[in-house]
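Colleague: Got a structure for you, written out below as structure tokens; questions coming shortly.
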Amino acid sequence: MYDILQLNDMLVPELLDIAEQLKIHDHKKMNKQELIYKILDNQAISDAKTIPQEEKPKRKRIIKSTPSHTTEEAEVEEPQSENKMAKKSAPKKDEKPILKKPRKKQDIESNDAVPEEQEDLDIENAEIADDLAEAEAIIKGEVDAGMSEESKAAQKAYPQRRDQNFNIEFDGIILAEGVLEMMPDGYGFLRSSDYNYLSSPDDIYVSPSQIKLFGLKTGDTVTGAVRPPKEGEKYFALLKVDTINGRKPEEVRDRVPFDYLTPLFPFEKLNLFDSPSNYSTRIMDLFTPIGKGQRGLIVAQPKTGKTMLLKAVANSIAQNHPECYLMVVLVDERPEEVTDMERSVRAEVIASTFDEPAEKHVKVSTIALQKAKRLVECGHDVVILLDSITRLARAHNTVAPASGKVLSGGVEANAMQKPKQFFGAARKIENGGSLTIIATALVDTGSKMDEVIFEEFKGTGNMELQLERRLSNKRIYPAIDLVASSTRRDDLLLDKEVLQRMNLLRVYLTDMNAEEAMRELQNRMKGTKNNEEFLASMNG
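If you read the sequence shown in our numbering, its first letter stands for residue 31, the second for the next number, and so on.
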């Protein structure tokens, strides 16, 4: 016997086995609730069948007899020893001979079983139909009324079990986002930023038909509904595309490719001022202003504070220009530097540490650049801070196939092409977005390869910031060589009055060495709240 609580705790396969034992018709087509009620119905009917057999003595009161029969039965020694069949077979006048010849006690006891069995058969034949009808009516009334009090109590105690459905469809419930990476066969995968856009268990499959329909390319940031993998599948699958690079799919379909966009000189200045005590960004704001679309190169020796300078620039841009999408790409860096950058900078950090193979450095930088290009095609302003382009060039030199043409320092002739494409992608787009890249280049490392790499990139940027090792050795930060640092076409970024005063300041600092110039500038900046107040304090 099962009650409704036990049946609710069972799984559907167990309920099907019970239904099969009870021989319930069409039980395989029923859901869990229908199976529970059918099992309860069959149990109630079977209970109704067993009740008459348990109450055999009580059924004798149902037999109707005439008063004359009762008086005659009273004269018999054992009233229960005679049955209806005996009364029908023997006439009333023959009862006296039966009394004259009393039977032994053993005979009476042995004959009692036969009349009881025959009486039970009569009772069952007379009353089983009525009992079944009553039981079915009671059960039907309970089903029609809803549930019994016991089932209602079970529903209150276990509400979640009542709502269980084992045929739940998860299609379209989960929304996911990723950066598309195209495969040679025409399909693609949405890579997760949690794994630096490399292969991971979170990859989402994108079919070739979806790629052709929406005109997707490598680097597109796609948001949409996904479904779990079916039997035999390995990845989640993209069902519907909601947005592409933050735009509607119909707006992105007819975009102009990045290589065909018109580049211009930067003319929208990025404000780097965030605090009066942060001299690094204040000095950069005056001597090497950065605009949207700038291609800047920070030339630094080891241990001159270039990473701290990049961190200050990133926080200033994130604070003053929330409309810009900020990406920090760390290639061949120390793991603790990656963690510090992730925790201290409000930007997307894409990193590859020095203990990983060169192929991963190349792949991480490539997918980051492709993502930035797709965002620019859709009209966004993107800022990439790369540390460092020298190590990126080393990685490309490692994975580049041998061409037979080797430059001095062991640099392959074709190895510099991809790093140049990365650095040269920075531009201000006419009537569109912009891609700003600020990269660091290592010099004076003692490696001939680093010198060759720096010479390849020298002059390709439109902003150059020189860091001086002698200043950092004396703990003078920022260790910037003010005279050697400048921005091309800074007249498009600075106001006319500010530009005139900066020209006078440069002339004033030219006669000093790097250490004297930095100390003089810091002394004059102390006590001023911003750069405008500092320039106004200058004499004439």
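For every residue, glycine included, the Cβ atom is placed at its ideal position computed from N, Cα and C.
Roughly how many angstroms lie between the CA atoms of Lys62 and Ala398, to the nearest whole one?
Modeller: Counting from one through the sequence shown, the residue named residue 62 turns up at place 32. Counting from one through the sequence shown, the residue named residue 398 turns up at place 368. Between Lys62 and Ala398, the C-alpha separation is close to 51 Å.
Colleague: Can the beta-carbon of Phe303 be found less than 7 Å from the beta-carbon of Ser515?
Modeller: In the sequence shown, the residue the question calls residue 303 occupies position 273. In the sequence shown, the residue the question calls residue 515 occupies position 485. The answer is no: Cβ separation not under 7 Å.
Colleague: Tell me which same chain residues have a C-beta within less than 7 Å of the C-beta of Ala381, skipping the five on either side of it?
Modeller: Translated into the one-based positions of the sequence shown, residue 381 becomes position 351. Here the set comprises Asn226, Leu360, Glu363, Val368.
Colleague: Run through the DSSP bridge pairs and tell me what Ser516 is partnered with.
Modeller: Locating residue 516 in the sequence shown gives position 486, where the first residue counts as 1. DSSP, once it has assigned bridges, lists Glu494 as partnering Ser516.
Colleague: Closer than 6 Å by C-beta to Glu494: which residues in its own chain qualify, once you throw out the five before and the five after it? Chain order, please.
Modeller: Position 464 of the sequence shown, counted from the start, is the residue given in the question as residue 494. For Glu494, where only same-chain residues beyond five positions count, the Cβ hits under 6 Å are Leu327.
Colleague: Count the other CB atoms within 10 Å of the CB of Ala547; is the residue buried (16 or more) or exposed (fewer)?
Modeller: The residue you call residue 547 lines up with position 517 of the sequence shown. By the 10 Å Cβ count, Ala547 comes out buried.
Colleague: What does a CB cutoff of less than 7 Å around Val392 pick up in its chain, not counting 5 residues either side in sequence?
Modeller: Along the sequence shown, one-based indexing puts residue 392 at 362. Ala425, His426, Val429.
Colleague: Apart from the five residues just before and just after Pro97, which ones in its own chain have a Cβ nearer than 8 Å to its Cβ?
Modeller: Mapped onto the sequence shown, residue 97 falls at position 67. At Pro97 the pLDDT is 46, less than 50, meaning the model places this residue with poor confidence; the figure from the coordinates comes in the next sentence. None.
Colleague: Can you have a look at Asp541 and say buried or exposed, based on whether 16 or more other CB atoms are within 10 angstroms of its CB?
Modeller: As a working note, residue 541 is residue 511 in the sequence shown. Result: exposed.
Colleague: With distances taken from CA atoms, which of Tyr507, Val256, Lys322 is nearest Val406?
Modeller: Position 376 of the sequence shown holds residue 406. Residue Lys322 is the option with its Cα nearest to Val406.
Colleague: Between Leu512 and Leu472, how many whole angstroms is the CB-CB distance? I'm expecting something under 8 Å.
Modeller: On the sequence shown, residue 512 is found 482 positions in, with the first residue counted as 1. On the sequence shown, residue 472 is found 442 positions in, with the first residue counted as 1. Leu512 to Leu472, Cβ: 21 Å. No contact.
Colleague: Could you check the C-alpha separation between Ile510 and Val329 for me, to the nearest Å?
Modeller: Stepping through the sequence shown from its first residue, residue 510 is reached at position 480. Stepping through the sequence shown from its first residue, residue 329 is reached at position 299. If you take the alpha carbons of Ile510 and Val329, they lie about 10 Å apart.
Colleague: Enumerate in chain order the residues of its own chain whose CB-to-CB distance from Ile54 is below 6 Å, with the five nearest sequence positions on each side excluded.
Modeller: Here residue 54 refers to the residue found at position 24 when the sequence shown is read from its first residue. Around Ile54: Lys68.
Colleague: What residues in its chain sit with their C-beta under 6 Å from that of Arg404, if we drop five residues either side in the sequence?
Modeller: Position 374 of the sequence shown, counting from 1, holds the residue named residue 404. Cβ neighbours of Arg404 beyond the five flanking positions: Gly249, Asp250, Asn275.
Colleague: Does the beta-carbon distance from Asn72 to Leu52 come in below 7 Å?
Modeller: In the sequence shown, the residue the question calls residue 72 occupies position 42. In the sequence shown, the residue the question calls residue 52 occupies position 22. Contact: yes.
Colleague: Relative to the C-alpha of Glu372, which candidate in Asp224, Leu41, Tyr290 has its C-alpha closest?
Modeller: The count along the sequence shown starts at 1 and reaches residue 372 at position 342. If we check each option's Cα against that of Glu372, Asp224 comes out closest.
Colleague: Taking C-beta to C-beta, are Thr490 and Val413 nearer than 7 Å?
Modeller: Translated into positions along the sequence shown, residue 490 becomes position 460. Translated into positions along the sequence shown, residue 413 becomes position 383. Contact: no.
Colleague: How far does the alpha helix (DSSP H) with Val343 in it reach, from first residue to last?
Modeller: Locating residue 343 in the sequence shown gives position 313, where the first residue counts as 1. First-last of the alpha helix (DSSP H) with Val343: 336 to 350.
Colleague: Just mark Met357 as buried or exposed, buried being the case when its beta carbon has 16 or more other beta carbons within 10 Å.
Modeller: Taking the sequence shown and counting its residues from 1, the one referred to as residue 357 is at position 327. So Met357 ends up on the buried side.
Colleague: When DSSP builds the beta bridges, which residues end up paired with Pro293?
Modeller: Counted from its first residue, the sequence shown places residue 293 at position 263. Pro293 is bridged to Ile459.
Colleague: Please name the residue, chosen from Asp56, Ala49, Asp480, that lies closest to Gly440 on a Cα-to-Cα basis.
Modeller: On the sequence shown, residue 440 is found 410 positions in, with the first residue counted as 1. Ranking the options by Cα distance to Gly440, first place goes to Asp480.
Colleague: Kindly indicate which three-state DSSP category Ile483 falls into: helix, strand or coil?
Modeller: The residue labelled residue 483 in the question sits at position 453 within the sequence shown. Of the three classes helix, strand and coil, the one that applies to Ile483 here is helix, per DSSP.
Colleague: Can you grab the Cα-Cα spacing for the pair Arg610 / Phe288, in whole Å?
Modeller: No answer is possible for residue 610: it lies beyond the span of the chain, which begins at 31 and ends at 570.
Colleague: Smallest Cα separation from Lys270: which of Gln331, Glu298, Ile204, Arg325?
Modeller: One-based indexing of the sequence shown puts residue 270 at position 240. Cα-wise, what sits closest to Lys270 is Ile204.
Colleague: Are there 16 or more other CB atoms within 10 angstroms of the CB of Ser395, so buried, or fewer, so exposed?
Modeller: Here residue 395 refers to the residue found at position 365 when the sequence shown is read from its first residue. Buried, because 16 or more other Cβ atoms sit within 10 Å of the Cβ of Ser395.
Colleague: Put Met357 into one of helix, strand or coil per three-state DSSP.
Modeller: Stepping through the sequence shown from its first residue, residue 357 is reached at position 327. In this structure, Met357 counts as strand in the three-state DSSP scheme.
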